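K.L.:
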Amino acid sequence: MDHVSALPQLAQLVEPRLVWIPGLPLAAFALLILVGRRLGRASGWLAVGSLAGSLIGVVLIAGPIWAHRTLVVQWPWLSASNPAWSVGFSVDGLSWIMLAVVTTIAPLIAVYSIGYMRDDPRFSRYFAYFALFCASMLTLVMADGFVLLYAGWELVGLCSYLLISFWFEKPAAAAAGRKAFLTTRLGDTGLLLGILLLAWLGGGLHFSALGDIRAHLLGHGYEGLLTLISVLVFLGAVGKSAQIPLHVWLPDAMEGPTPVSALIHAATMVAAGVYLVARTIELFTPASLALVLGIGLSTHLVAGTVALAQTDIKRILAYSTLSQLGLMMTALGLGARSAAMFHLTTHAYFKALLFLGAGSVIHAAHTQELAQLGGLRRAMPWTSALFLVASLSMSGLFLLSGFWSKDAILLAAAGAKPWLLWALLAGAAMTASYIFRLYWRCFHGVSPAHSHQESPAVMVLPMAVLGVGAACVGLLESPWLGHPFLRLLRDPHVHDHIDPAVALLSTAALALGLWLAWTVGVRRRSLLPAGLRPIGRLLHRWAAHKYYVDECYDRFLIQPVLSAARGLSGFDQRIIDGAVNGAGRVGDLLGRAKAAFDRIVVDGLVNGIAAAARGGGALLRLLQTGIIQQYLLVAAAAVVVLSIMGRR
Amino acid sequence: MSLQPVLVLSHALFCLGVYGMLTRRNAVGLLLALELILNAAGLNFVLFGRAFGSAQAQAFTLFIIALAACEAVVGLGVILGLSRSAHTIFADQVNLLKG
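Residue numbers (this note's numbering), protein chains in the order written: chain A, 122 to 769; chain B, 408 to 506.
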């Protein structure tokens, strides 16, 4: 984005107190993991307190941020190299928005979790992971370069793994955690390669240097290299934000506790991919932006159709999250960074609220199958009302948050490619359709059971606060408040008016979606002419089976890898081990032969000589009688003999 | 003066000495027999010194006599030690030199 780098360099302020923002949750994690068991019920409130502290920190630094200052704090990292490398935190408008999203939603969800996880035996462990996740997420967001960002990136992946498989007694939860970890790891490898490539180019890994790197590479005609780096970085975002083709982990991640799904797999961590692309958008060339656009759009539409056919309420929400993340990626692909970040913000509020509502339903009804739910509106008035607010916001009802952020993206699309506007309108209709299919079938109609009651206040109150956010955050960006969001991001693409045509079309898409949800989703009427019904049924079955992506991966990726692994293991055991063992046996035999030779020949020779000497000595001993006269006799005889011999 | 009778005498003395050394059991007797042998040698020295007119031979004899005295001292000392440690002075009962 040339216009971003063209803006004048704004003042940086050194602010060492930034450390407190991720430091407080980290301290809470350390405390909880060590003495959490003794704290018992208090551990939940400890986590809430630390997160509230982070929120206060984020609010305190708002002043300089809104004055377009950048707050930094740095420490030397590799001082031996030249130039010396440093790591540190840096908060500008973009990271402050993410910080504000994370630190407002996280304490609310932590409060909700106190109610939701009330009877869990690993209560304090849950909050320890929760606090660690928040610390990691805040580190990721505040990082001033790829190094610290990557550390936070992997840490949130770890926390996601720990929290998805929090109920690891369930085999499905353990498998889901593993799947999430391995799938995102594919993307992380891409990100790591991109980072290494950047480091190899020597331009430094600080985000502030990205503009120089871009100018340098483009100036020397290395556009392909820049595209490669940005595609690798985007691969990391694809894994983390669960875009096609690495989207398979997110629906399975719903095995974790529902507040975790709300925080990690809807509001914050999965949005980190969008944040990463927004943060490094200076690296993206037109070619890689086209890739971002293509993947984002296909995820938006494909996930939307899958969400239409699912029957598990959390899975519907998971596919809805995929679809909305795809929408954000689409906006990024169009270069509309502020629209993407705006949708990220509003989405975080209404999707977190939707998940908390779903959690409330699951908490009360102990099921998440749509077929076993219904008529909860009377039993759970608060949950029902808040869920409705969030659904309307996501569907884009005029004046609610979702309307404004979707409107910004639609405007960007309309400005770029008209066909894209129609595709996104179709996506918007699908959004309204699947969420109201869920809402009506869950809260309206007849209830199969009658013992349900509203969740406790500790769960409902955070939902109510989020409800206010889900409804009103979008107003920040409305023309009447002067687009503070765009100014914070220093984005010159300001649309200071509502485009009536686009607003009207989006409302029409909402109405179409509602009508479809009511007739097809709730009344179960087929709108297709009789001749097309088999095709419709086939499409529905495909969507209900998630287009068999998991099965395809299993068939064409996992099973071949597994069988190759088994074959290689057999090869290892038979051939390699056989060769090694054979070599060992030959060596053993050779050794034995050598030992025998040593014992028989060498030792025999030495011992033989010794024995001969001893035998000779024993024989000679006999001569030494010790009787002196015998010696004399011999001497005399010798004299006689010698003298006789001497005469000759 | 004729050499022969004196040579016969010295040979007789030598043979008596050798005989005594080979047959005596008593260690003191062995020493006595040894004196006979030494004196036979000394007699021969004196005899041939006179015959060839050399004074060196007589000096040699004096050495032999001194040597014999020393040898008798050492020998008697050995015998004394032997009688104390082995309670015998019979040569065939002592085999300290046995290998």
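Cβ atoms here follow ideal geometry from the backbone N, Cα and C, with glycine treated the same way.
Note that the coordinates shown come from a computational prediction; the quantities given were computed from them, not determined experimentally.
1) Just to confirm my understanding: we take residue 666 of chain A, look at its own chain, exclude 5 residues before and 5 after, and list those with CB closer than 7 Å. What are they?
2) Counting only Cβ pairs nearer than 8 Å, list the residues of chain A close to residue 498 of chain B.
3) For the 8 Å Cβ check, are there 3 or more pairs between the segment 435 to 444 of chain A and the segment 406 to 424 of chain A?
4) Give me, in chain order, the residues of the same chain whose beta-carbon lies closer than 7 Å to that of residue 599 of chain A; leave out the 5 immediate sequence neighbours on both sides.
5) Pull up the CB-CB distance for residue 211 of chain A and residue 224 of chain A, whole angstroms please, since I reckon it's below 8 Å.
6) Using 9 Å as the threshold, is the C-beta distance between residue 552 of chain A and residue 505 of chain A below it?
7) Excluding five sequence neighbours on each side, which residues of the same chain lie with their C-beta closer than 8 Å to the C-beta of residue 596 of chain A?
8) Please report the Cβ distance between residue 230 of chain A and residue 582 of chain A, rounded to the nearest whole angstrom; I am assuming they are in contact, meaning their Cβ atoms lie under 8 Å.
9) Alpha carbon to alpha carbon, how far is residue 676 of chain A from residue 309 of chain A? Give it in angstroms, no decimals.
10) Could you confirm whether any beta carbon from chain B is found closer than 9 Å to the beta carbon of residue 763 of chain A?
11) Could you tell me whether the Cβ atoms of residue 482 of chain A and residue 416 of chain A are closer together than 9 Å?
12) Decide if residue 594 of chain A is buried, meaning its Cβ has at least 16 other Cβ atoms within 10 Å, or exposed.
13) Which partner residues does residue 192 of chain A have in the DSSP bridge list?
14) Check for me: the alpha helix (DSSP H) holding residue 681 of chain A runs from which residue to which?
15) What residues of chain A sit near residue 503 of chain B, judged by a beta carbon separation below 9 Å?
16) Quick check for students: name the residue ranges of the alpha helix (DSSP H) that lie wholly in the segment 377 to 403 of chain A, counting only runs of 4 or more.
17) From residue 312 of chain A to residue 338 of chain A, what distance separates their C-alpha atoms?
18) If the cut is a Cβ gap below 9 Å, which residues of chain B does residue 757 of chain A touch?
19) Quick one: list the residues of chain B neighbouring residue 740 of chain A, beta-carbon separation under 9 Å, in chain order.
20) In whole angstroms, what is the alpha-carbon distance linking residue 154 of chain A and residue 253 of chain A?
21) Buried or exposed: where does residue 484 of chain A fall if 16 or more other Cβ atoms within 10 Å of its Cβ makes it buried?
22) So that I know if they touch, is there some Cβ in chain A lying closer than 9 Å to that of residue 487 of chain B?
23) Could you tell me the distance, in whole angstroms, from the CA atom of residue 234 of chain A to the CA atom of residue 172 of chain A?
24) For the putative contact between residue 451 of chain A and residue 365 of chain A, defined by C-beta atoms under 8 Å, what is the C-beta separation to the nearest angstrom?
25) Select from A:287, A:405, A:672, A:644 the residue whose C-alpha is nearest the C-alpha of residue 334 of chain A.
26) Helix, strand or coil: which one does DSSP assign to residue 427 of chain B?
27) Could you have a look at residue 490 of chain A and say whether DSSP puts it in helix, strand or coil?
28) In the DSSP output, what is residue 197 of chain A paired with across the bridge?
29) Given that a residue counts as buried once 16 or more other Cβ atoms are within 10 Å of its Cβ, and exposed if not, what is residue 766 of chain A?
30) Starting from residue 451 of chain B and walking both ways along the alpha helix (DSSP H), at which residues does that stretch end?
31) Cβ of residue 429 of chain B within 8 Å of any heavy atom in the ligand GDP?
32) Mind checking residue 698 of chain A: buried by the 16 CB within 10 Å criterion, or exposed?
33) Please list, in chain order, the chain B residues whose beta carbon lies closer than 7 Å to that of residue 726 of chain A.
34) Give the secondary structure of residue 289 of chain A by DSSP, where H, G and I count as helix, E and B as strand, and everything else as coil.
P.N.:
Short version:
1) Position 545 of the first sequence, counted from the start, is the residue given in the question as residue 666 of chain A. Taken in chain order, the list of residues that qualify is empty.
2) The residue you call residue 498 of chain B lines up with position 91 of the second sequence. What residue 498 of chain B touches in chain A: 748, 749, 750.
3) yes
4) Along the first sequence, one-based indexing puts residue 599 of chain A at 478. Within the same chain, residue 599 of chain A has close Cβ partners 525.
5) Numbered from its first residue, the first sequence carries residue 211 of chain A at position 90. Numbered from its first residue, the first sequence carries residue 224 of chain A at position 103. That belief does not hold up - the Cβ atoms of residue 211 of chain A and residue 224 of chain A are roughly 17 Å apart, past 8 Å.
6) Within the first sequence, numbered from 1, the residue matching residue 552 of chain A stands at position 431. Within the first sequence, numbered from 1, the residue matching residue 505 of chain A stands at position 384. The answer is no: Cβ separation not under 9 Å.
7) Working through the first sequence from its first residue, we reach residue 596 of chain A at position 475. Around residue 596 of chain A: 520, 522, 525, 602.
8) Within the first sequence, residue 230 of chain A is the residue found at index 109, counting from 1. Within the first sequence, residue 582 of chain A is the residue found at index 461, counting from 1. Contact doesn't hold; Cβ gap of about 12 Å is too wide.
9) Sequence index remark: in the first sequence, residue 309 of chain A carries index 188 (1-based). Sequence index remark: in the first sequence, residue 676 of chain A carries index 555 (1-based). Between residue 309 of chain A and residue 676 of chain A, the C-alpha separation is close to 24 Å.
10) What you label residue 763 of chain A is simply residue 642 of the first sequence in a count that begins at 1. No, because no Cβ of chain B sits closer than 9 Å to the Cβ of residue 763 of chain A.
11) Against the first sequence, residue 482 of chain A aligns to sequence position 361. Against the first sequence, residue 416 of chain A aligns to sequence position 295. Their beta carbons are not under 9 Å apart, which means residue 482 of chain A does not touch residue 416 of chain A by this criterion.
12) By 1-based counting over the first sequence, the position of residue 594 of chain A is 473. Classification of residue 594 of chain A: buried, given that the 10 Å Cβ count is 16 or more.
13) Position 71 of the first sequence, counted from the first residue, corresponds to residue 192 of chain A. According to DSSP, which records beta bridges pairwise, residue 192 of chain A is partnered with A:134, A:212.
14) Stepping through the first sequence from its first residue, residue 681 of chain A is reached at position 560. Run containing residue 681 of chain A: 680 to 692, per the alpha helix (DSSP H) assignment.
15) By one-based count along the second sequence, residue 503 of chain B stands at place 96. What residue 503 of chain B touches in chain A: 747.
16) 379 to 383, 393 to 400
17) Taking the first residue of the first sequence as position 1, residue 312 of chain A is located at position 191. Taking the first residue of the first sequence as position 1, residue 338 of chain A is located at position 217. Taking the straight line joining both Cα atoms gives about 19 Å.
18) Translated into the one-based positions of the first sequence, residue 757 of chain A becomes position 636. 425, 428, 429, listed in chain order.
19) Here residue 740 of chain A is taken as the residue at index 619 of the first sequence, counted from 1. Within 9 Å Cβ-Cβ: nothing; residue 740 of chain A doesn't reach chain B, min ~11 Å.
20) Your numbering for residue 154 of chain A matches position 33 in the first sequence. Your numbering for residue 253 of chain A matches position 132 in the first sequence. The straight-line gap from Cα to Cα measures roughly 10 Å.
21) As a working note, residue 484 of chain A is residue 363 in the first sequence. So residue 484 of chain A ends up on the buried side.
22) As a working mapping, residue 487 of chain B is identified with position 80 in the second sequence. So, not an interface residue.
23) For the purposes of this step, residue 234 of chain A is taken as the residue at position 113 of the first sequence. For the purposes of this step, residue 172 of chain A is taken as the residue at position 51 of the first sequence. The alpha-carbon atoms of residue 234 of chain A and residue 172 of chain A are separated by roughly 13 Å.
24) For this step, residue 451 of chain A is matched to residue 330 along the first sequence. For this step, residue 365 of chain A is matched to residue 244 along the first sequence. Not a contact, Cβ separation roughly 12 Å.
25) As a position in the first sequence, residue 334 of chain A is number 213, starting the count at 1. That would be A:405, whose Cα lies nearest to the Cα of residue 334 of chain A.
26) Residue mapping note: residue 427 of chain B aligns to position 20 of the second sequence, counting from 1. Residue 427 of chain B falls in the helix class under three-state DSSP.
27) On the first sequence, position 369 is the one that residue 490 of chain A refers to. It is a strand residue.
28) As a first step, residue 197 of chain A must be located in the first sequence, where it is residue number 76. DSSP, once it has assigned bridges, lists A:207 as partnering residue 197 of chain A.
29) The residue given as residue 766 of chain A occupies position 645 in the first sequence. When all chains shown are included, residue 766 of chain A counts as exposed.
30) Counted from its first residue, the second sequence places residue 451 of chain B at position 44. Looking at the DSSP string, the run of the alpha helix (DSSP H) that includes residue 451 of chain B is 434 to 459.
31) Annotation note on the ligand GDP: not contained in the displayed structure, which lists no ligands.
32) Mapped onto the first sequence, residue 698 of chain A falls at position 577. Residue 698 of chain A comes out exposed.
33) Here residue 726 of chain A refers to the residue found at position 605 of the first sequence. Residues of chain B passing the Cβ test: none, with the nearest at roughly 27 Å.
34) Position 168 of the first sequence, counted from the start, is the residue given in the question as residue 289 of chain A. Three-state result, residue 289 of chain A: coil.
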